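In the numbering used here, the protein residues as written are 1 to 127.
Cβ atoms here follow ideal geometry from the backbone N, Cα and C, with glycine treated the same way.
It should be emphasised that the depicted structure is a prediction, and the values quoted were computed from it without experimental measurement.
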Amino acid sequence: MLIHEKEILITSEFIDSNNHVNNVQFVYWVEMMAGEHWDLLKHKSKYAQNVWFLVDHHIQYKKQVYLGEKLLLRTYPENPEGIRQPRRVEFYKDGELVVDSRTQWIMINPTTERIVRIEEDWLEELR
């Protein structure tokens, strides 16, 4: 499986008026992790010149995260669904899944601004 991980220490900049990590921050991290992962992998892909656009996201918050805690962020793509590329971003605190995200992305050719139809097995070239 193609996995990218990153650890984040929760500092005051991520905390909201309820004294926990703001939900909007998790959305930011979902997009950040997807971008970082693509930057690490795209040199292996014939689609390297294209860009991803987020078209749908679902985030489930299971537990709150507080100042001083550490999160392990883990992301990986799932099998394509037509023109859409699903991706998971999971957030773990002390080994426990506390936030789970599933997003749908489409690939765009930046010159033509048209959708690129990815091949069903395109992830194999990245392994």
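query                                                                                                : result
Cutoff 8 Å; reference Ile3; Cβ partners in own chain excluding five residues on either side          : Arg74, Thr75, Tyr76
Whole-number beta carbon distance between Tyr92 and Leu72, since they are thought to touch under 8 Å : 4 Å
Same chain, Cβ closer than 7 Å to Tyr61, neighbours up to 5 away in sequence not counted             : Asn23, Val99
Among Arg127, Asn109, Glu119, Glu36, the one whose alpha carbon lies nearest that of Gln49           : Asn109
Proximity to Gly35 [Cα-Cα], best of Val116, Phe53, Ser12                                             : Phe53
Within 8 Å, strictly: CB atoms of Lys70 and Glu7                                                     : yes
Buried/exposed call for His43, threshold 16 Cβ in 10 Å                                               : exposed
Where the alpha helix (DSSP H) through Trp29 begins and ends                                         : 23-41
Sub-8 Å separation of Arg102 and Arg88 beta-carbons                                                  : yes
Residue span of the beta strand (DSSP E) that contains Asn19, given as start and end                 : Element bounds for Asn19: n/a, residue is neither H nor E.
Inter-residue spacing [alpha-carbon to alpha-carbon] between Trp105 and Glu31                        : 10 Å
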